[in-house]
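Asker:
There are 2 protein chains.
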Amino acid sequence: MASEGVKNVKLFGTWTSSYTHRVQLALKLKGVEFEYVEEDLSNKSPLLLKYNPVYKKVPVLLHGERAIAESIVILEYLDETWKEKPIMSQDPYERAIVRFWCRFADEKLGPAVGEVFRLTGEEQKAAVDRVRDTLKLVEAELSDGFFKGRRFFGGDEIGLLDIVMGCGSYWLWVFEEVAEAKLVDSEMFPRFHSWLRDFEEQNQVEEIIPATDRLLEYAKSLRQMILNQYKP
Amino acid sequence: MASEGVKNVKLFGTWTSSYTHRVQLALKLKGVEFEYVEEDLSNKSPLLLKYNPVYKKVPVLLHGERAIAESIVILEYLDETWKEKPIMSQDPYERAIVRFWCRFADEKLGPAVGEVFRLTGEEQKAAVDRVRDTLKLVEAELSDGFFKGRRFFGGDEIGLLDIVMGCGSYWLWVFEEVAEAKLVDSEMFPRFHSWLRDFEEQNQVEEIIPATDRLLEYAKSLRQMILNQYKP
Chain S
1 MASEGVKNVK LFGTWTSSYT HRVQLALKLK GVEFEYVEED LSNKSPLLLK
51 YNPVYKKVPV LLHGERAIAE SIVILEYLDE TWKEKPIMSQ DPYERAIVRF
101 WCRFADEKLG PAVGEVFRLT GEEQKAAVDR VRDTLKLVEA ELSDGFFKGR
151 RFFGGDEIGL LDIVMGCGSY WLWVFEEVAE AKLVDSEMFP RFHSWLRDFE
201 EQNQVEEIIP ATDRLLEYAK SLRQMILNQY KP
Chain F
233 MASEGVKNVK LFGTWTSSYT HRVQLALKLK GVEFEYVEED LSNKSPLLLK
283 YNPVYKKVPV LLHGERAIAE SIVILEYLDE TWKEKPIMSQ DPYERAIVRF
333 WCRFADEKLG PAVGEVFRLT GEEQKAAVDR VRDTLKLVEA ELSDGFFKGR
383 RFFGGDEIGL LDIVMGCGSY WLWVFEEVAE AKLVDSEMFP RFHSWLRDFE
433 EQNQVEEIIP ATDRLLEYAK SLRQMILNQY KP
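If you read the sequences in order, they're chains S and F.
Just so you know, we're using our numbering here: the first sequence kicks off at 1 and counts up by one.
Just so you know, we're using our numbering here: the second sequence kicks off at 233 and counts up by one.
1) Looking at chain S, which residues of the stretch 250-280 of chain F have a Cβ within less than 8 Å of any of its Cβ atoms?
2) Which residues, taken in chain order from the stretch 64-96 of chain S, show a beta carbon closer than 7 Å to some beta carbon of chain F?
3) Apart from the five residues just before and just after residue 452 (chain F), which ones in its own chain have a Cβ nearer than 8 Å to its Cβ?
4) Interface residues of chain F around residue 100 (chain S) at Cβ under 9 Å?
5) At the 8 Å Cβ level, is residue 137 (chain S) part of the contact set with chain F, yes or no?
6) Is there a Cβ from chain S that is less than 8 Å from the Cβ of residue 335 (chain F)?
7) Comparing the CB of residue 271 (chain F) with every heavy atom of the ligand GDP, is any distance shorter than 7 Å?
8) So what's residue 72 (chain S) in DSSP terms, helix, strand or just coil?
9) Quick check for students: name the residue ranges of the alpha helix (DSSP H) that lie wholly in the stretch 268-293 of chain F, counting only runs of 4 or more.
10) Between residue 234 (chain F) and the rest of its own chain, which residues show a CB-CB distance below 6 Å, the 5 nearest in sequence each way excluded?
11) According to DSSP, simplified to helix, strand and coil, what is residue 368 (chain F)?
12) In whole angstroms, what separates the C-alpha of residue 379 (chain F) from that of residue 330 (chain F)?
13) Indicate whether at least one CB of chain F lies closer than 8 Å to the CB of residue 1 (chain S).
14) Does chain S have any CB closer than 8 Å to the CB of residue 238 (chain F)?
15) Would DSSP call residue 105 (chain S) helix, strand or coil?
16) For the candidate residues S:53, S:86, S:81, whose alpha-carbon lies nearest to that of residue 160 (chain S)?
17) Do residue 433 (chain F) and residue 441 (chain F) have their CB atoms nearer than 8 Å?
18) According to DSSP, which residues form a beta bridge with residue 299 (chain F)?
19) For the structure I just gave you, are there three or more beta carbon pairs, one from the stretch 362-377 of chain F and one from the stretch 338-345 of chain F, closer than 8 Å?
20) Could you tell me if residue 252 (chain F) is buried or exposed, where buried requires 16 or more neighbouring beta carbons within 10 angstroms of its beta carbon?
21) Where do the N-terminal and C-terminal ends of the alpha helix (DSSP H) with residue 216 (chain S) fall, by residue?
22) For a quick check, are the C-beta atoms of residue 51 (chain S) and residue 104 (chain S) less than 8 Å apart?
23) Classify residue 257 (chain F) as helix, strand or coil using the three-state DSSP reduction.
24) Can you give the Cα-Cα distance for residue 140 (chain S) and residue 155 (chain S), rounded to whole angstroms?
25) My assumption, with CB atoms under 8 Å, is that residue 96 (chain S) sits in contact with residue 408 (chain F). Please give the rounded CB distance.
26) Does the separation of the CB atoms of residue 153 (chain S) and residue 162 (chain S) fall below 8 Å?
27) If you drop the 5 nearest sequence neighbours on each side, which residues of the same chain put their C-beta closer than 7 Å to that of residue 6 (chain S)?
28) Among S:108, S:68, S:83, which has the Cα closest to the Cα of residue 326 (chain F)?
29) Any idea what DSSP makes of residue 168 (chain S), helix, strand or coil?
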């Protein structure tokens, strides 16, 4: 089915969205050709509003006439539709563990990192501690939990949880510089640190993640905007 | 596999938790025998803390030595492990739509209803409007979207989305009375209203949902506690 052709699969996304990167990476890993449509979130296209009327957000995958929103929902759809090069194990327990940590990434890790980016001073220090508490749980899972001894969460190859946790984790480096706060200490989180470096060095990942200087420039101007907004 | 026996499957839950009810209902629908362990959330058992160290919350399913947390994760695990009487379609697109609305139920509908319960006066009126805006989207999906013409989201039988949306929706009636705010107007939301009544009348659902007077009593005392806490 990978040869269905570029016209049949469209992805609406934005270049700064790690949720978009997740879908781009999964499509690349599976070798599914697709047309990428860059959205301007300050001026959303009528097609984006049509295909994701509930959230009006990227990413949206259009497969023929079928529109699917929410990145993790899209990733599972891709794995169930293009069965070659699976990104999920067929074992129900491993699937459950992976889904549990995917939720954790979206509900705990992502928001915690976002807070570091938005805050300053003592409030930021507290937010850094919350990120570290969150990363400690991931570190434990990698070093002594279900994923112990694996190169990636998916095993020898990148899987769903690598995609979800990895696309977004590169913001950690960017945020460290912009917010001047150390988040991923290699001594504190040796397995997470080496996993993330390993993930980022994969060819398909390098093709997806925007260059660090572009991300930095974007993050700096965004942080300035946020800080100006909340000035007393 | 339904005959594996009661000792092999344990469910840790609490009687007021709609997330617990989801898992109870799915187990019943699938005919899986299980041992139910009622947790006291003000004094959590060592086993609950052991099996869900990340969130320390119910429900937790224990299948042999395997512990699984997060209700929707558990529901998918059940469906992939006990394949008889499926609660999910095998069609990848339908699965994606169902997963999308499950997230919506947890991220939008649930929190919106919770706000009505916690607030009073003008703030509560605004919260009621937000619940109605949310229900409008569900109503549209039932009356004119993917699920149009179906008795349940799952088709002729209750499926995953019915379980997720239905377990919890009975709080709507309770909250209406306790918070003195009309939420599920049958004229405003005819399909949702009739779907919920139909869902609640199913035998297995009736066996799971606590009696309305017990829920009411619990909700009244909880609301009083919340209102006392926030008194100026």
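Note that the Cβ used here is the ideal one computed from N, Cα and C, for glycine as well.
Answerer: From the atom records:
1) None of the residues of the stretch 250-280 of chain F has a beta carbon lying less than 8 Å from any beta carbon of chain S.
2) Within the stretch 64-96 of chain S, the qualifying residues are 66, 68, 69, 70, 73, 76, 77, 80, 81, 92, 93, 95, 96.
3) In the same chain as residue 452 (chain F), and ignoring 5 residues on each side of it, the C-beta atoms closer than 8 Å to its own belong to 410, in chain order.
4) Here the neighbours are 286, 300, 301, 302, 305.
5) yes
6) yes
7) Among the components of this structure there are no ligands whatsoever, and the ligand GDP is therefore not found.
8) helix
9) 278-283, all fully within the stretch 268-293 of chain F.
10) For residue 234 (chain F), the predicted model reports a pLDDT of 48, less than 50, meaning its position is unreliable; a value from the coordinates is still stated below. For residue 234 (chain F), the CB contacts under 6 Å within the same chain, skipping 5 residues up- and downstream, are 263, 264 in chain order.
11) helix
12) 10 Å
13) With a pLDDT of 46 at residue 1 (chain S), under the threshold of 50, the modelled position of this residue cannot be trusted; read the value that follows with caution. For residue 1 (chain S), the answer is no, since every Cβ of chain F falls outside 8 Å of its Cβ.
14) In this predicted model, residue 238 (chain F) has a pLDDT of only 49, less than 50, meaning its place in the structure is not dependable; the value taken from the coordinates is given anyway. So, not an interface residue.
15) Reduced to three states, the DSSP call for residue 105 (chain S) is helix.
16) S:86
17) no
18) Answer by DSSP bridge pairing, in chain order: F:294.
19) Segment contact: the stretch 362-377 of chain F against the stretch 338-345 of chain F, three or more CB-CB distances shorter than 8 Å; contact assigned.
20) buried
21) 212-229
22) no
23) helix
24) 17 Å
25) About 35 Å; that fails the 8 Å criterion.
26) yes
27) Unreliable placement is indicated for residue 6 (chain S), whose pLDDT of 49 sits below 50; no coordinate value is reported for it.
28) If we check each option's Cα against that of residue 326 (chain F), S:68 comes out closest.
29) helix
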